[in-house]
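**Q** My questions all concern the structure below.
Next up, the structure:
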């Protein structure tokens, strides 16, 4: 749910709960310690952007546990409907706006910032291994390495993309 929608939330009785919640965040310093305690006991998120980021990061952790990597397809959604592919894309796009801690957490998880370079390096490493084993770089188009990497296709792409 977009934050702007949450800020406009009105209860069935007409109470502008979204506006009230927003005021609590902006006036935290003027709240009594008891009021802060009560809100925190409910799990009240003071920084809704941080909460959303942490939710996305948690989804990425679960994805990595299941798939073994953080290379999420841009259209991927979790079973619960979380647009993880979009979240990952936004992290790459807004890298400079992330905190050092957020970047560190992503990198520690194995997050790839430059997918194109990563995939090229992966292909090149597979080609080097192929040459060690076969003595040449004449990879048949349909060749797939033992770990499932489609090296023949990758080599074909490199040949097609070669700038003369």
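Residue numbers (our numbering): -3 to 160.
For every residue, glycine included, the Cβ atom is placed at its ideal position computed from N, Cα and C.
Short of 6 Å in beta carbon distance, which residues of its chain neighbour residue 139, apart from the five on each side in sequence? Order them along the chain.
**A** Translated into positions along the chain shown, residue 139 becomes position 143. For residue 139, where only same-chain residues beyond five positions count, the Cβ hits under 6 Å are 147, 148.
**Q** Distance, Cα to Cα, residue 41 vs residue 7?
**A** To locate residue 41, count along the chain shown from 1; it is residue 45. To locate residue 7, count along the chain shown from 1; it is residue 11. Using only the alpha carbons, I get a separation of about 19 Å.
**Q** So is residue 38 buried or exposed if we call it buried at 16+ other beta carbons inside 10 Å?
**A** The residue you call residue 38 lines up with position 42 of the chain shown. Under this definition residue 38 is an exposed residue.
**Q** Straight-line CA distance for residue 159 to residue 150?
**A** Mapped onto the chain shown, residue 159 falls at position 163. Mapped onto the chain shown, residue 150 falls at position 154. Straight-line Cα distance between these residues: approximately 16 Å.
**Q** Curious, which full-length alpha helix (DSSP H) runs of at least 4 residues does the region 75 to 146 contain?
**A** The qualifying runs are 80 to 89, 96 to 105, 111 to 130.
**Q** Please say whether residue 71 and residue 81 have beta carbons closer to each other than 8 Å?
**A** Counting from 1 along the chain shown, the entry for residue 81 is found at position 85. Counting from 1 along the chain shown, the entry for residue 71 is found at position 75. Taking 8 Å as the Cβ cut-off, residue 81 and residue 71 qualify as a contacting pair.
**Q** Please say whether residue 107 and residue 66 have beta carbons closer to each other than 8 Å?
**A** Counting from 1 along the chain shown, the entry for residue 66 is found at position 70. Counting from 1 along the chain shown, the entry for residue 107 is found at position 111. Against a cut-off of 8 Å, the Cβ pair of residue 107 and residue 66 comes out as a contact.
**Q** Answer with buried or exposed for residue 83, where buried requires no fewer than 16 other C-beta atoms within 10 angstroms of its C-beta.
**A** Within the chain shown, numbered from 1, the residue matching residue 83 stands at position 87. Buried, by the Cβ-count rule.
**Q** Use the C-beta contact count for residue 31: other C-beta atoms within 10 angstroms, 16 or more gives buried, fewer gives exposed.
**A** Position 35 of the chain shown holds residue 31. Result: exposed.
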